[in-house]
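The structure appears right after this line, and notes come after that.
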């Protein structure tokens, strides 16, 4: 199975060395158990954005700004709006944006992503990496803000491979796994999207919104 830790470690070893800021953030996240995207996944997203070059990105789940910095570097002309509910993480993310020199390209909004944004917001790329049990709600809420031809990327959709297990022994995780399974089926069959589920890192869905 491609999500095996050995495969991810092999892929990570092939990815070019990151700069000091990103490696510091990777170390901090590991030490403090802050969830950030796995390296093979963000490398794939980087490659996709280099080709697509979106101009208006919405990120759901800023954390300490690790993914945001990757996105801003892959799409240097893009304006990024990123949503985060944790005040302490917002403070750290802003500090990291300053260090990365991307603060002027990022609008960070404090609040619950489930509350939505004002109607004037429009995007050509949505990146979901927040509460997994809310992915369906986030998609329904923000898909109308996505331009036709825009892309949607969702992380952690394989959830440690548990979505493929017939039974989940961990009763605490079982409801989350079921919600992710339901989301995966929902987005794969969504009439407005063409979607692929990519077994890299902890699993990504990559969707393109239909229409001209």
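Residue numbers (our numbering): 673 to 884. Cβ atoms here follow ideal geometry from the backbone N, Cα and C, with glycine treated the same way.
Problem set entry | 4-residue-minimum alpha helix (DSSP H) runs that sit fully inside the stretch 692-774, ordered along the chain | Segments of the alpha helix (DSSP H) lying fully in the stretch 692-774: 692-704, 711-724, 738-746, 759-772.
Exercise. Would you call the stretch 808-820 and the stretch 742-755 in contact, with 3 or more CB pairs under 8 Å?
Worked result: Verdict: no, contact absent.
Exercise. Among 726, 851, 871, which has the Cα closest to the Cα of residue 794?
Worked result: The shortest Cα separation from residue 794 among 726, 851, 871 belongs to 726.
Problem set entry | residue 896, buried or exposed, once every other Cβ within 10 Å from all chains shown has been counted against 16 | Summary: the structure shown does not reach residue 896, with the chain confined to residues 673 through 884, and so no result is reported for it.
For this session: Alpha carbon to alpha carbon, how far is residue 768 from residue 781? Give it in angstroms, no decimals.
Result: Their Cα atoms are separated by approximately 15 Å.
Exercise. Along the chain, where does the beta strand (DSSP E) that runs through residue 831 open and close?
Worked result: From DSSP, residue 831 is part of no beta strand (DSSP E); its letter is neither H nor E.
Exercise. By a C-beta neighbour count over all protein chains shown, 10 Å radius and 16 as the cutoff for buried, is residue 673 buried or exposed?
Worked result: Residue placement at residue 673 cannot be trusted, given a pLDDT of 41 that sits under 50; the coordinates are not used to answer.
For this session: Please name the residue, chosen from 690, 773, 772, 736, that lies closest to residue 802 on a Cα-to-Cα basis.
Result: Selected option, being the one with the closest Cα: 736.
For this session: Ignore the nearest five residues each way along the sequence and tell me which others in residue 722's own chain have a CB closer than 6 Å to its CB.
Result: Closer than 6 Å at the Cβ level, and outside the excluded window around residue 722, lie 746.
Exercise. Which of helix, strand or coil does DSSP assign to residue 680?
Worked result: Here DSSP, grouped into helix, strand and coil, assigns residue 680 to helix.
For this session: Let me know if residue 685 comes out buried or exposed under the rule of 16 or more other beta-carbons within 10 Å of its beta-carbon.
Result: When all chains shown are included, residue 685 counts as exposed.
Exercise. According to the neighbour-count rule (16 or more other Cβ atoms, all chains shown, within 10 Å of its Cβ), is residue 712 buried or exposed?
Worked result: Buried, because 16 or more other Cβ atoms sit within 10 Å of the Cβ of residue 712.
Exercise. Is it true that the stretch 864-875 meets the stretch 816-829, where meeting means three or more beta-carbon pairs spaced less than 8 Å apart?
Worked result: Flag = yes, the stretch 864-875 and the stretch 816-829 touch.
Exercise. Does DSSP put residue 790 in a helix, in a strand, or in coil?
Worked result: Three-state DSSP puts residue 790 in coil, outside helix and strand.
Problem set entry | C-alpha gap between residue 859 and residue 869, whole angstroms | Cα to Cα, the separation comes out at about 9 Å.
For this session: If I'm right that residue 818 touches residue 798 with Cβ under 8 Å, what's the distance once you round it to whole angstroms?
Result: About 6 Å; that satisfies the 8 Å criterion.
For this session: My understanding is that residue 734 touches residue 762, with C-beta atoms under 8 Å, so please give their C-beta distance in whole angstroms.
Result: Indeed they touch by this definition, with Cβ atoms about 7 Å apart.
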